[in-house]
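The structure under discussion appears below in the form of C-alpha cells.
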Amino acid sequence: MKEFKIRLIAEDEVKELIAIANNFTDLQKLLKSRYSLDDYLAITIKTRQKLS
C-alpha cells in the first residue's frame, strides 16, 4: 500500500486529501467514485511513503 497526497484545485476552493491505495490505478478509481473530477482545474498527486 502507498500513501498519496492529493490536491484538487477549483476556481474557488482547494481540497487537500490523503489517500491509501495499492497503486495509481486504484487511486484513480477511488477519486472518480467520490469526486466529480471535471469540476477541478488541476489535480496534483504525490506519493508520500510506502506503508508496510
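According to the working numbering, the sequence shown is numbered sequentially starting from 92.
Every residue, glycine too, gets a C-beta built ideally from N, C-alpha and C.
On a predicted model such as this, the values are computed, not experimentally measured, just so you know.
Thinking C-alpha only, which one of the options is nearest residue i?
i             : options                        : result
alanine 112   : Asp103, Ile97, Ile134          : Ile97
arginine 139  : Asp117, Leu108, Tyr126, Arg125 : Leu108
methionine 92 : Leu99, Ile100, Glu104, Phe115  : Phe115
With residue i and residue j assumed to form a contact (beta carbons below 8 Å), what rounded beta-carbon distance in angstroms separates them?
i           : j             : result
leucine 132 : glutamate 102 : 6 Å
leucine 121 : alanine 110   : 6 Å
Cα separation between residue i and residue j?
i              : j            : result
aspartate 130  : leucine 118  : 18 Å
isoleucine 136 : serine 127   : 16 Å
isoleucine 134 : arginine 125 : 14 Å
Hey, which unbroken runs of the beta strand (DSSP E) at 3 residues or more fall wholly within the stretch 115-141? 133-141
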